[in-house]
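Trainee: Sharing a structure here in structure tokens format.
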Amino acid sequence: MSPCSLFAREHRTQIDRTLELSHAYRGTAYLLGDVIEADDAYTGSHSRDVVGLTIQVVERLDLDANERRQAEFVALLHDVGKVRIPNEIINKPGSLTLEERGIMNAHTIEGEKMLEQVGGLLGEVGRLVRSCHEHYDGSGYPDGLAGDEIPLVARIVCCCDAFHAMTSDRAYRKALSQDAALAELNANSGTQFDPEVVAALTAVVGG
Numbered sequence: 003m004s005p006c007s008l009f010a011r012e013h014r015t016q017i018d019r020t021l022e023l024s025h026a027y028r029g030t031a032y033l034l035g036d037v038i039e040a041d042d043a044y045t046g047s048h049s050r051d052v053v054g055l056t057i058q059v060v061e062r063l064d065l066d067a068n069e070r071r072q073a074e075f076v077a078l079l080h081d082v083g084k085v086r087i088p089n090e091i092i093n094k095p096g097s098l099t100l101e102e103r104g105i106m107n108a109h110t111i112e113g114e115k116m117l118e119q120v121g122g123l124l125g126e127v128g129r130l131v132r133s134c135h136e137h138y139d140g141s142g143y144p145d146g147l148a149g150d151e152i153p154l155v156a157r158i159v160c161c162c163d164a165f166h167a168m169t170s171d172r173a174y175r176k177a178l179s180q181d182a183a184l185a186e187l188n189a190n191s192g193t194q195f196d197p198e199v200v201a202a203l204t205a206v207v208g209g
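Here the numbering used here is used: the first residue of the sequence shown is 3, the next is one more, and so on.
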């Protein structure tokens, strides 16, 4: 066998292994998604809907294949840490106390820890999950990152997460219309949300 043929064969084998790993991680990610849904039906279905929005925004922004895969998994698992938060806090009909808010906000760190235990690609996803509640102006949590310090995938999921939450009925409030939710996103563009991501989501949903 010539060196070129041997290289091509090894390259194909490497690609096949990479694809097998990708499928394995996807299966694990969606299994974790099922765990979220079993623990809290709203969070589980919400996360799956956020995946759909996120993929559309990612395509609009023309991200590469690796970022698209990351975005899918981060959108699906951005709330996975909530399985470690007491349900009475997650489903509380009124406002959270300062202590309860601190416990709730810890779900990003808990999610990162859970996914780091899985390792590999999902370990990388965990580091992005940690940043999904950072705000563009640095006022978010847990690390107070701002602007481009926040990974783009996390900025996208943050915006799609907020839009879907606003347009969903909850025990403590009625859903906003799509137009009202888009108006809210645009009002907070440059402060809570990345303006480029808001523009892409507006084009996807409003177009």
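Note that beta-carbon positions come from the ideal geometry of N, C-alpha and C, so glycine has one too. Just so it is clear, the structure is predicted and the values come from calculations on it, not from any experiment.
1) Give a yes or no on whether the C-beta atoms belonging to Val52 and Cys162 are separated by under 8 Å.
2) Look at the alpha carbon of Ile87 and the alpha carbon of Arg175, and state the distance between them as a whole number of angstroms.
3) What are the residues that DSSP puts in a beta bridge with Ser191?
4) Does Arg50 come out as helix, strand or coil in the three-state DSSP assignment?
5) So Glu101 is in the alpha helix (DSSP H); what residue range does that whole segment cover?
6) In the DSSP assignment, the alpha helix (DSSP H) including Leu211 goes from what residue to what residue?
7) Given 8 Å as the limit, is there contact between the region 124-141 and the region 150-158, that is, 3 or more CB pairs closer than that?
8) Return the CA-CA distance between Gly208 and Asp181, expressed in angstroms with no decimal places.
9) Using three-state DSSP, classify Arg62 as helix, strand or coil.
10) What are the boundary residues of the alpha helix (DSSP H) that Val76 is part of?
11) My assumption, with CB atoms under 8 Å, is that Phe165 sits in contact with Ala183. Please give the rounded CB distance.
12) By DSSP, does Arg211 sit in helix, in strand, or in coil?
13) Got a sec? Which residues, its chain only, sit under 6 Å from His109 by beta carbon, not counting five neighbours each side?
14) Which residues share a DSSP beta bridge with Arg175?
15) Where does Asn93 sit, in a helix, a strand or coil, going by DSSP?
16) Spell out a yes or no on whether the region 66-85 and the region 123-133 are touching, meaning 3 or more CB-CB pairs, one atom from each, closer than 8 Å.
17) By the three-class DSSP mapping on this structure, what secondary structure does Leu147 have?
18) Does the separation of the CB atoms of Leu203 and Val59 fall below 8 Å?
19) By the three-class DSSP mapping on this structure, what secondary structure does Gly113 have?
20) Contact defined as beta carbons within less than 8 Å: I believe Leu117 pairs with Leu79. What is the distance between those atoms, to the nearest angstrom?
21) Could you check how far apart the C-beta atoms of Arg132 and Glu114 are, in whole angstroms? I think they sit under 8 Å.
Mentor: Answer, in terms of the structure:
1) The count along the sequence shown starts at 1 and reaches residue 52 at position 50. The count along the sequence shown starts at 1 and reaches residue 162 at position 160. It is a contact, given that the beta carbons lie within the stated cut-off.
2) Indexing the sequence shown from 1 puts residue 87 at position 85. Indexing the sequence shown from 1 puts residue 175 at position 173. The alpha-carbon atoms of Ile87 and Arg175 are separated by roughly 21 Å.
3) Here residue 191 refers to the residue found at position 189 of the sequence shown. Note: Ser191 is bridge-paired with Phe195 in the DSSP secondary-structure output.
4) What you label residue 50 is simply residue 48 of the sequence shown in a count that begins at 1. DSSP places Arg50 in helix when its eight states are reduced to three.
5) Counting from 1 along the sequence shown, the entry for residue 101 is found at position 99. Note, Glu101: alpha helix (DSSP H), Leu100 to Asn107.
6) What the structure shows of the chain is the stretch from 3 to 209, and residue 211 is not part of that stretch, so it cannot be assessed.
7) yes
8) Taking the first residue of the sequence shown as position 1, residue 208 is located at position 206. Taking the first residue of the sequence shown as position 1, residue 181 is located at position 179. Rounded to whole angstroms, Gly208 to Asp181 spans 8 Å at the Cα level.
9) Looking up residue 62 in the sequence shown gives position 60. Here Arg62 sits in helix by DSSP.
10) In the sequence shown, counting from the first residue as 1, residue 76 sits at position 74. That run of the alpha helix (DSSP H) goes Ala67 to Leu79.
11) As a working note, residue 165 is residue 163 in the sequence shown. As a working note, residue 183 is residue 181 in the sequence shown. Between Ala183 and Phe165 the Cβ distance is about 5 Å, and since that is below 8 Å, they are a contact.
12) The question about residue 211 has no answer, for the chain in this structure spans 3 to 209.
13) Sequence index remark: in the sequence shown, residue 109 carries index 107 (1-based). So the list reads Gly83, Lys84 and Ile87, once near-sequence residues are dropped.
14) Taking the first residue of the sequence shown as 1, we reach residue 175 at position 173. Beta-bridge pairing links Arg175 to Arg172.
15) As a position in the sequence shown, residue 93 is number 91, starting the count at 1. Three-state result, Asn93: coil.
16) yes
17) The residue given as residue 147 occupies position 145 in the sequence shown. Residue state, collapsed to three classes: coil.
18) For this step, residue 203 is matched to residue 201 along the sequence shown. For this step, residue 59 is matched to residue 57 along the sequence shown. Going by C-beta atoms, Leu203 is nearer than 8 Å to Val59.
19) Here residue 113 refers to the residue found at position 111 of the sequence shown. It is helical.
20) On the sequence shown, residue 117 is found 115 positions in, with the first residue counted as 1. On the sequence shown, residue 79 is found 77 positions in, with the first residue counted as 1. Correct: roughly 7 Å between the Cβ atoms.
21) For the purposes of this step, residue 132 is taken as residue 130 along the sequence shown, with counting starting at 1. For the purposes of this step, residue 114 is taken as residue 112 along the sequence shown, with counting starting at 1. That pair is a contact at about 4 Å.
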